[in-house]
Every structure is written in C-alpha cells, then in structure tokens.
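> Before I ask anything, here is the structure I am working with.
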Amino acid sequence: MATPSSSALPQRRTLKTGSTLEAGGPAQAPLGWRHRLGYGAGDFGCNLYWQAITLFLYFYYTDVLGIAPAIAGLSVAIASAYDAFADPIMGSIVDRTQSRRGRYRPYMLFGAVPLALSFGAMFYVPPASGTALVIYATLSHILMRTLYTVVNLPYLAMTASMTSDSAERATLAGVRMMFAAGAGISVAMFLPKAVSLLTGKVAQPYFVVAVLIGLLATLTILLCVRNTRENTAGMTRNPAKAHRSVLSRTIRDFVRFWGMLRRNGPLARVLGAIVVAAVALTMFSKCLLYWFKYGLQRPDMTSVALVLSVVMLALFAPFWVWVARRFSKRSAWMAGSAIAATGYLGFWLNTNPDMQVVLGWIALIGVGTASFAINYWAMLPDTVEFNEWKFGERNEATIAGFAAFSHKAALAVNAILLGQILQWAGFVANKPLDASALASIKAAMCLIPVAGVLCSVLLLWKYPITPAFHRRMVDEIARRRQHP
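Going by UniProt numbering, the residue at position 343 of the sequence shown is 343; the numbering climbs one at a time, nothing skipped.
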C-alpha cells in the first residue's frame, strides 16, 4: 500500500467534479450545536436498529425461533452479504443524486417509515416452521437491511459534506458516538426487560418491542433531516452518465473503487482495520448473551453487561476525541487497542465468577473499543480528502458505500464463524452446556477479538494522515479550487 510522505505535495491536478460534492474550497462556517446534535440524532435512530440486530437477532433466531446455530449463522450471513453488495450500489446512486433538499437527506426523509415497518416484520414470528421459517427470517432480514442501507448510507456519506475541517469532524464523530452510545444503552436496557415484562401478556413480545423501537427511530431520523445542513456547492451530475443503468454504473464503480483502493493507501489501511475489527470484536458482544445465560447462569445480568459496554463508550468518547485532536487518530487507535486487548485477555483468564470482577473486565474492554468507534468514522472522511488531494476525485458516497460493504461483508464472515463455533461446541438452545462447550465459547469470544485488535494495529501502524498533514491537504485543495 502506497503511503505518501507528508513533506511533499503532489503536482496540481485538475479536479474532476462530474459526480462529486466539493466540500473544500473557501472556508466553511463552523457547525453550530443544532447541526451537531441534529446529526447525532440520526445516528441514535440508526443505532437503535443496528444494535438490536447486532446484539439480539442471532440470539432471537436460536433461542426464540429455535433455528439451529449453523443455519442461523448462515441466514444472518446471507443477509449481511447481500447488504454488503447493496451498499456500493446505493453509494453509486447517491453520488449521482441532486435535489432541492440536497444529495443525502431525501433518502433519510422518505426511507424512515418503510424502514420502521420492515424492522417490525423482522421480529414477527410467522405461523411457519422448518425451512419456511428460515426463509421468512432470511427474507425479512434482507428487506430490513435494504431499507436500512437506503437511510444509513446517505447519512454516513453526509459527514464529508457537512464540514471539511478535520478537528470539526472529530468533534462530529464524538457527538455522533455519544448518540450511538445512547441508542445502545436504550436497546440493551429496554429490549430484554420489555420482552421479559411482556412475555405471557402478549403473543409476540419481540414484535411489540420492535414496533416501539421503530417509532422512536423514525422520529430521531426525521429530526436529523430537519436539523442538518449539506454543503451543496459544486453538486453537479455528469449528463453523459445519467442515462447509464444502476447496474452498469455500479460495476464501473466497483472497478474504479478497487483501483482507488490500490492507490489510496490510507483508505486501504482504514478499511482493512475495520474488516478485522468487525469480524473479531463483534464476536465478544454476540457471545455475551450466551455466556451470561449458559456460562454464568445469570441471564438477569445480561442487560447490565450490555449497558455497561455502551456506557463506557459514552463516557470515554470525549476522551478519545481529545486524544485524536491532541495527538492523532492513529495514536488514539493504538492506545485503545492496547486497553482492549488487555481487557479481552483478562476476561478470558478470569475464573472468578464474582459479578463485580466480570463486569470490571467488560468495562475495561469498553474503554478500549470506544476508541475504534470514534476513530474509524473520523478517519474515513479524511481519506476522501486524500483521494481528492492525490487524484482529483472525492466520491464521498461511493467511498462510504464501499466502507459499509467491507464492514458488512466482515459481519457475514462473523455470523458464519459464530454459528460454526456454537455448532461445533454442541450448543442446543435452552439446554445446559458442558465444560468443554463453555470453554470453547469463552475462548472464541476473547481470543478472536485479541487477534483482530493486533491485526488492526499492524494495518494502521503506518497510517500517514496526521492533523498537520490533513490541514495541508485541505489548504492545497482550496488553492486549486480558487486557481484551477
């Protein structure tokens, strides 16, 4: 992966603005707190959905629907893989969108309600069993992920349009992660307790809770649309490309993106880090439900453990934003990696069932992984500027689409891996597990994340975009626009 020296700027090149949003140029007014909080509200809504899927959907498939672990893993993987390919397609569509409401917000505005309906359908138990039940679970999951992509991909891409200032982006990422943490806490606290409360009182407690979550998510996404702004300067569309089909444009974008990935070393490093993190780190959160239910036999403490993880994210998000701004995003990632790896190893080696000890290790893991949540989404927009600085092209939505593609493809691998581990361990839903099976689950939920953390450190060790380097890039881009 080529990584340029920060001491040399490339020769000036003509910028290609055919299908890009130019977010450089003259200095932009600082974002007000209305816009920052409005943007954060959007991530609250999106994360209500995402956290419910990440934390509870696989468990719902195995322990409520009664689907075998390997089949449940395959079902989740199919939906995740489909979703991964849908992201670049959506990115291609968004990058060619222009409207009076902007490039990104129309999708959020008109997609919010259908997304809520599909989320409810995903947690509806149909009058079916066997193969028919698995097909329904898979198709409803695919539908929900399709509509989630329609809303979330434009939301993610909008970051680079809102501001071109690296420090402001770090602040925006911190605000966004605070709202994401709030959504995670809400889901972790509300969903299991509400389901427990409604069990025996309504026929489908998960469905009722999903409807309530959908209502709240819709409200916050619409608040985001209302209280954010896009820099629409330079929003143009190449007429020669307008007639092309979505498929042909997407294939072309795939080819262009892989070429971009070979040339854009920082982007390749950031995407590589998030791939290994997504495969490895989510293993811990998904296994927590099984560990508390079958390993510690304390299912009542599951919500406490999940909430604690997200609370640590909320508490330490400002700290990691400060580290990123004071030193660099790379430094923040490295420090978070050291803390997270220590927590995972401590959890694995711990044999004390005392809940304070167990929760202590979970808290330490949360401190470290908060750095990843902050810095990945703060690093990604910087690679957009790098691409424009180096090659004269931005393509925010396309890059965001392929970033989401990489993340969700990794989650598909994670789902298959988790299903195979549980199947190999002899897991049977709602039956006691022997010591060997429990040891296998604990090793998987701790050692796989450690391996992922170490791989991400290696990938980002030579990440070149420091705050000073980024400022020089943005200044050079602005000079080019002023004197093309």
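All C-beta atoms in this analysis are idealised placements derived from N, C-alpha and C, irrespective of residue type, glycine included.
#1: Give me, in chain order, the residues of the same chain whose beta-carbon lies closer than 8 Å to that of L147; leave out the 5 immediate sequence neighbours on both sides.
#2: Taking L156 as the reference, which of G336, D43, A338 has the closest Cα?
#3: Helix, strand or coil for G25 per DSSP?
#4: With a CB to CB cut of under 6 Å and the five nearest residues on each side skipped, what residues in its chain are close to T228?
#5: Assuming S331 is part of the alpha helix (DSSP H), what are its boundary residues?
#6: Where does V134 fall in DSSP's three states?
#7: With a threshold of 16 other CB atoms inside 10 Å of the CB of H483, please say whether the residue is buried or exposed.
#8: Since I believe A444 is in contact with D63 (beta carbons under 8 Å), could you give me their beta-carbon distance rounded to a whole number of angstroms?
#9: Quick check on R100: buried or exposed, where buried means 16 or more other Cβ atoms within 10 Å of its Cβ?
#10: Report, in whole angstroms, the separation of the C-beta atoms of T302 and F292, which I expect to be a contact under 8 Å.
#11: What are the start and end residues of the alpha helix (DSSP H) that includes K293?
#12: Out of C224, A170, A468, W348, which has the shortest C-alpha to C-alpha gap to L288?
#13: Is it right to say K329 is buried, meaning 16 or more other beta carbons lie within 10 angstroms of its own, or is it exposed?
#14: Can you tell me the Cβ-Cβ gap for A415 and Y107, rounded? I've got them flagged as a contact below 8 Å.
#15: Does DSSP put T228 in a helix, a strand or coil?
#16: Taking 9 Å as the cut-off, decide whether the C-beta atoms of Q420 and A70 are in contact.
#17: Ignoring anything shorter than 3 residues or poking outside the segment 358-445, list the beta strand (DSSP E) runs there in chain order.
#18: Taking C-beta to C-beta, are A332 and A324 nearer than 9 Å?
#19: Grab me the residues of Y206's own chain with a C-beta within less than 7 Å of its C-beta, minus the 5 sequence neighbours each way, in chain order.
#20: Note down, in chain order, each residue of its chain lying with its Cβ closer than 6 Å to the Cβ of P126, except the 5 sequence neighbours on either side.
#21: Since L459 and G272 are thought to touch, with beta carbons under 8 Å apart, how far apart are those beta carbons, to the nearest angstrom?
The relevant details are as follows:
#1: G111, P114, L115, S118
#2: D43
#3: In this predicted model, G25 has a pLDDT of only 44, less than 50, meaning its place in the structure is not dependable; the value taken from the coordinates is given anyway. Coil, per DSSP.
#4: H35, G38, Y39
#5: Note, S331: alpha helix (DSSP H), 329-349.
#6: The three-state secondary structure of V134, taken from DSSP, is helix.
#7: exposed
#8: At roughly 18 Å, the Cβ-Cβ gap does not stay under 8 Å, so D63 and A444 are not in contact.
#9: Answer is exposed; the Cβ neighbour count stays below 16.
#10: Confirmed, Cβ separation roughly 4 Å.
#11: In the DSSP assignment, K293 falls outside any alpha helix (DSSP H), carrying neither H nor E.
#12: Of C224, A170, A468, W348, the residue nearest in Cα terms is W348.
#13: buried
#14: With a Cβ gap of about 26 Å, A415 and Y107 do not count as contacting.
#15: Taken through DSSP and simplified to helix, strand or coil, T228 comes out as coil.
#16: In contact: Q420 and A70 (Cβ atoms closer than 9 Å).
#17: none
#18: yes
#19: Y60, V64, F123, V195
#20: Closer than 6 Å at the Cβ level, and outside the excluded window around P126, lie Y136.
#21: 4 Å
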